[in-house]
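Residue numbers (my numbering): -3 to 518.
Ideal Cβ positions, reconstructed from N, Cα and C, are used throughout, including at glycine.
The next block holds one structure in the form of C-alpha cells; read it before the comments.
Have a look at this one:
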C-alpha cells in the first residue's frame, strides 16, 4: 500500500526495532481512512453540526470589493478548488461578506473572509476548552507517547443547512456559502472541542482502577491529540483505538505531523517525558540565552526587564548593583566578574519560579508586545493567586531585513500577528487581553481598509477574541527591555562596554624584579 511507503519513520524514535516499524505501518494501513497524506484530503464528520444563532437580526450585506487581476485569479482558483472538494457551494441568499487576500511569508496569498460583523451579532457558545494544566497533570506513569494533528479540523464539520446562507462571501463573479465550518467565525473552536469530547468521552483521562493497573489515556486539546501509555505493546493498542475512533467519526489526521512511540515529546508548550512534566526550555530561551551586553543601551534594557519583576527577586537592589553602577556618570564602562555574576543571577530568576508559572485557563491570558526596527518581543502573562503579573513565556526575535523599514504602526501590528500566532495553543478559543504601548493599535479591530497590509492582518486576526489596551512606554519595561536586548547594529560612541577578561599569567621578569640571565656561551 502507498501509505506503507510514507516517511512516517522520520517521526519514530531511533530505538524502535524494525518489527515495531512494521507494526506501525500495519496500523496505518489498517486505519488509512483516518489518515490524510495531502492538504486537501480531509474527512467528513456527522458527530455534530455548526450553528450560527443571530436571533432576529436582519441579514448583513456587503458589495464586492475590487481586486487586482492577479488577486482575482488567485481567489477564483481557491473557489474552484474548494467547490470541487465540496467545502463550499453557490449561494443566492441575502447575506454576503467580503473576501480579503492576505499575503503570506512565502509570497502566496491567504484567503480570508471578513466575518467580524457576523461575529458581533452571533450568540456566543460558552462551551469551555480543557484546562491545559489538568490535561497534563493526568499523565502519571506513561513511558511512551504519540502525537496527532487533525488536518483542517473545522472543515470536517458541516454547517447546519439553514445557517449556511449566513456564511456567504462575495466576489464580482458571484456568491458562495460554506458547506463545511469555515475559519475566522466565532464559536467554531467551541463546536470543534465539543465534537472531540463526544468522540473520546470513553477514553479521556482514565485513571487507576485497581492497584497496579493503569489505564491508557488520551489528551485532546482542539485538533491536537496526545496518546500516552505505560507499556510498549499497550501503546500500539491505544493508537489503534484512537485511530479507530477518529475513523468512525469521520476525522483524518495529518500523517506528516504525526509522531510515534517517543519517550519525550513537546505538547502544548511543555516537554512530556518518562520522568514527568517540565516546561519547554524554549519558553525562557529569549532570556536565558541572552548574550552578555556590549552597550549601555542593552544594560538599561536588561535592568528594565529585571526591574519590572523585582518584587519577586529577593535583594534585587543588591544583586543588580554591579549593573546599576555601570549607568552612573564618571564610572568606567567595564564589564567585570561582578557584573557577569549579577547578570547570570538575574537571568536565572527571570526564567524560574516564582516569576515563571504554569498557565491557568480559568484566568485571563495577557499578551504584551513590543516592536523596534531591529527586533520584536512578546510576553504571555497571567495574574497569579497573589494578584501579581507572572510570566508563562518570553519570546523574541530579530526583525527580517525586508521588514526593518516598516512604518511604526505596521511594525507594531506585525509583532501582534506574530505573537498571537506563536501563542496560538493558549489564546485560540479564549478571550485574552492585548497590551501595547502604541496607541494607534487601539483601532486595529475596526479597520476596514483592505488595501493596506494592516487592514488585511486585522481580518486575519478575527478568529481570535481579544480586547486591546494601551499603556505608556515607561510602564512597558518588561517587553520593551526584552526587545532592546538584541544587539544593535550600531553602538553610539561612548556607549560601548569593555568586556572584562581574566588576566593571563605573565612569564618572565616584571617591573621591580631582577632577572638572572644565563651566561652567554663563548
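Exercise. Looking at the structure shown, is residue 186 part of a helix, part of a strand, or coil, going by DSSP?
Worked result: Note: residue 186 maps to helix in three-state DSSP.
For this session: Starting from the C-beta of residue 190, find all residues in its chain whose C-beta is less than 7 Å away, skip the five residues before and the five after it, and write them out in chain order.
Result: Taken in chain order, the residues that qualify are 44, 123.
Problem set entry | Which listed residue (353, 397, 385) has its alpha carbon closest to that of residue 431 | Comparing Cα-Cα distances from residue 431 to each of 353, 397, 385, the minimum goes to 385.
Problem set entry | Paired residues, beta bridge with residue 414 - DSSP | Residue 414 pairs with nothing; no bridge assigned.
Exercise. Cα-Cα, which of 125, 387, 137, 99 is closest to residue 231?
Worked result: It is 137 whose Cα lies nearest to the Cα of residue 231.
Exercise. In the DSSP assignment, what residue or residues form a beta bridge with residue 35?
Worked result: In the DSSP assignment, residue 35 forms no beta bridge with any residue.
For this session: Determine the DSSP secondary structure at residue 266, reduced to helix, strand or coil.
Result: Residue state, collapsed to three classes: strand.
For this session: Could you check if residue 274 is buried or exposed, using at least 16 other CB atoms within 10 Å of its CB as the buried criterion?
Result: Answer is exposed; the Cβ neighbour count stays below 16.
For this session: Label residue 110 either buried or exposed according to how many other C-beta atoms from any shown protein chain fall within 10 Å of its C-beta, with 16 as the threshold for buried.
Result: The residue in question, residue 110, is buried, as its Cβ has 16 or more Cβ neighbours within 10 Å.
Problem set entry | Where residue 198 falls: helix, strand or coil (DSSP) | Secondary structure at residue 198: coil, using DSSP grouped into helix, strand and coil.
Problem set entry | residue 394 vs residue 343 beta-carbon contact at 8 Å | Cβ distance not < 8 Å, so residue 394 and residue 343 don't count as in contact.
Problem set entry | Delimiting residues of the beta strand (DSSP E) encompassing residue 321 | In the DSSP annotation of this structure, residue 321 is not part of any beta strand (DSSP E); the continuous alpha helix (DSSP H) holding it starts and ends at 312 to 322.
For this session: List in chain order: all unbroken beta strand (DSSP E) runs of 3+ residues lying wholly within the region 347 to 378.
Result: DSSP runs (the beta strand (DSSP E)) wholly in the region 347 to 378: 362 to 368.
Exercise. Between the region 310 to 325 and the region 254 to 261, are three or more C-beta pairs nearer than 8 Å?
Worked result: At 8 Å Cβ cutoff, the stretches do not touch.
Problem set entry | Validate contact between the region 352 to 363 and the region 409 to 424 using beta carbons, cut 8 Å, 3 pairs | Cβ pair count under 8 Å is three or more, so yes.
For this session: Using a threshold of 8 Å, state whether the C-beta atoms of residue 125 and residue 185 are closer than that.
Result: At a Cβ-Cβ threshold of 8 Å, residue 125 and residue 185 count as neighbours.
For this session: Evaluate residue 307 with the Cβ neighbour count: other Cβ atoms within 10 Å of its Cβ, from every protein chain shown; 16 or more gives buried, anything less gives exposed.
Result: Label assigned to residue 307: exposed.
Problem set entry | Exposed unless 16 or more other CB atoms sit within 10 angstroms - verdict on residue 472 | Around the beta-carbon of residue 472, 16 or more other beta-carbon atoms lie within 10 Å, marking it buried.
Exercise. Less than 8 Å separating the beta-carbons of residue 331 and residue 464?
Worked result: Against a cut-off of 8 Å, the Cβ pair of residue 464 and residue 331 comes out as no contact.
Problem set entry | 6 Å CB neighbourhood of residue 97 in its chain, flanking five on each side removed | Excluding residues within five positions, the ones whose Cβ falls inside 6 Å are 67, 105.
For this session: Please classify residue 99: does DSSP put it in a helix, a strand, or coil?
Result: In this structure, DSSP gives residue 99 an extended state, which the three-state scheme calls strand.
For this session: Have a look at residue 294 and residue 284 and give me their C-alpha separation to the nearest angstrom.
Result: Their backbone Cα atoms lie some 15 Å apart in a straight line.
For this session: Assign residue 206 to one of two classes, buried (16 or more other C-beta atoms within 10 Å of its C-beta) or exposed (fewer than that).
Result: Confidence at residue 206 is low in this model, with a pLDDT of 32, below 50, so the placement of that residue is unreliable and no value is reported for it.
Problem set entry | Where residue 168 falls, given that 16 or more other Cβ within 10 Å makes a residue buried | With fewer than 16 Cβ atoms within 10 Å of its Cβ, residue 168 is classed as exposed.
Problem set entry | Cβ contact check for the region 396 to 405 and the region 374 to 382: 3 or more pairs under 8 Å | Remark: fewer than three beta-carbon pairs, one from each stretch, lie closer than 8 Å, so the region 396 to 405 and the region 374 to 382 are not flagged as touching.
For this session: Return the first residue and the last residue of the alpha helix (DSSP H) that residue 115 is part of.
Result: 112 to 117 is the span of the alpha helix (DSSP H), which, as asked, contains residue 115.
Exercise. Which term fits residue 152, buried or exposed, when burial requires 16 or more other beta carbons within 10 angstroms of its beta carbon?
Worked result: Burial is judged here by how many other beta carbons sit within 10 angstroms of a residue's own beta carbon; residue 152 has at least 16 and is buried.
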